[in-house]
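FYI, the numbering used here numbers position 46 of the sequence shown as 179, with every residue one higher than the one before it.
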Amino acid sequence: METQLIAPVDLNAFLCYNTDILGYLFEIADKPEKADKYQKKFEDFRKTFEKIFYNETEGAWYDYNTRTEKHNLDVFPSIAVPLFTGCYNRLDESKSVRLFKKLGEAKFFDFPGGIPTSINNLTGQQWDFPNGWSPLNHMVIEGLRKSTDPIMQDKAYEIASRWLMGNYKVYKKSKAMFEKYNVIGDIPEPGHGGEYKVQTGFGWSNGVVLDIMSMYYDRIHIPTDSADAKKLGVVVPALTLINLYYQLI
C-alpha cells in the first residue's frame with residue numbers, strides 16, 4: 134500500500150473543476166480580475182493535469198505513482214471523472230471516445246444495476262465489486278452525456294435508466310434508499326461489505342435519482358414488463374416518479 138505516494142486522477146480532476154467554478158462565480162459576481170485569475174488557473178491546471186495523468190498509449194487518465202513515476206494502469210470508473218469535470222480539451226473528442234471504449238473493454242457497462250466501483254471481487258470491501266455508488270454512477274452518466282458523440286450519449290441514458298430502476302425496485306421492496314447498491318443481479322439489492330452495515334437515507338442517492346429524472350423526464354419510465362408498470366398502467370413517466378421520490382424524502 135502506497136496511498137501517500139499516489140496522486141489520484143479523480144481528486145485532481147475535482148481540484149481542476151473547482152478553479153473553473155470559482156472563475157465562473159467571480160464572473161457572475163462582477164469581479165472580472167478574479168474571474169480572469171481563476172480562469173487562467175483552470176487553464177494551467179488542465180494542461181498540467183494532462184501531462185501528469187494522461188497516458189497516450191492507453192488512451193485514458195490514470196492515477197500516478199510519485200515514487201515509480203508511472204501510472205497505475207488498473208481500470209476503474211473514476212478515470213472518467215475528467216469527463217464530468219471538463220478537465221481536458223473538450224475540442225479533442227478523441228480522448229473521451231478512447232476512454233469510453235476503455236471502460237467498455239473492462240466490462241463496466243455490462244451490469245444490470247449500474248456501474249460497480251471496481252471489477253475486483255476479492256476484497257469484500259464496500260469500495261469494490263459488486264457495489265455501485267450513486268456519486269460515481271452520476272459522474273460517469275454526466276461525463277458521457279456531455280459528449281458530442283451520440284453513442285456515448287445513448288450509453289449515458291442507458292446507465293441512468295438502469296440506476297434509476299435499480300434504486301426504485303429496492304425502494305419498493307424495502308421502503309428505503311441506500312448509500313450503495315449491488316449492481317450485478319437482475320433483482321437489485323442494497324450494497325454490502327466493509328466495516329459497517331449498509332446505511333439508509335440517503336442524501337446522495339436521493340440527489341442522483343432526482344437529477345436523473347429531471348434530466349431525462351421526457352424519456353425515462355418504468356418498463357412495461359415490470360410488475361410496477363402492470364399495476365400502475367402501461368408506463369410510469371419520470372414526472373410521476375419525481376413526485377413519488379419527493380414524498381419519500
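Cβ atoms here follow ideal geometry from the backbone N, Cα and C, with glycine treated the same way.
Looking from the CA of phenylalanine 311, the closest CA among Asn205, Arg352, Gly336, Ile353 belongs to Gly336.
By the 16-neighbour rule on beta-carbons within 10 angstroms, alanine 213 is buried. Considering only Lys235, Val142, Phe182, the residue with the shortest C-alpha distance to tyrosine 195 is Val142. Secondary structure at isoleucine 185: helix, using DSSP grouped into helix, strand and coil. Tyrosine 349 is not bridged by DSSP to any residue.
Around the Cβ of isoleucine 292, a 10 Å sphere holds 16 or more other Cβ atoms; the residue is buried. A straight-line Cα-Cα distance of about 14 Å links glutamate 166 and aspartate 153. For the 8 Å CB-CB criterion, glycine 276 and phenylalanine 182 do not form a contact.
Per DSSP, tyrosine 304 is one residue of the alpha helix (DSSP H) stretching across 283-307. Setting aside the 5 residues that flank it on each side, asparagine 188 is surrounded in the same chain by Trp194, Tyr195, His204, Leu206, each with a C-beta closer than 8 Å to its C-beta; the list follows chain order. Two segments are said to touch when three or more pairs of C-beta atoms, one from each, lie closer than 8 Å; by this definition the region 278-290 does not touch the region 325-336.
For threonine 333, DSSP records a beta bridge to Phe311. Residue pairing of glycine 156 in beta bridges, as defined by DSSP: absent, with no partner found. C-alpha of methionine 298 to C-alpha of arginine 223: approximately 31 Å in a straight line. Cβ atoms of arginine 295 and glycine 246 come within 8 Å of each other, at about 6 Å. For glutamate 322, the number of other beta carbons within 10 angstroms of its own is at least 16, and it is reported as buried.
Inclusion of glycine 265 and threonine 250 in the CB contact set at 8 Å is warranted, their separation being smaller than that value. Secondary structure note for asparagine 270: its alpha helix (DSSP H) is the uninterrupted segment 267-278. In this structure methionine 134 is exposed. Its beta-carbon is surrounded by fewer than 16 other beta-carbon atoms within 10 angstroms.
The DSSP-derived three-state label of asparagine 145 is helix.
The criterion of a C-beta distance shorter than 8 Å is satisfied by proline 215 and alanine 146.
Glutamate 322 sits in a strand when the DSSP states are folded into three classes. For the 8 Å CB-CB criterion, glycine 324 and asparagine 315 form a contact. Annotation for arginine 200: no alpha helix (DSSP H) segment contains it, and DSSP assigns it neither H nor E. The beta carbon of valine 341 lies closer than 6 Å to those of Ser267, His271 in the same chain, with the five residues before and after it left out. In the three-state reduction of the DSSP assignment, alanine 162 falls in the coil class, being assigned neither a helical nor a strand state.
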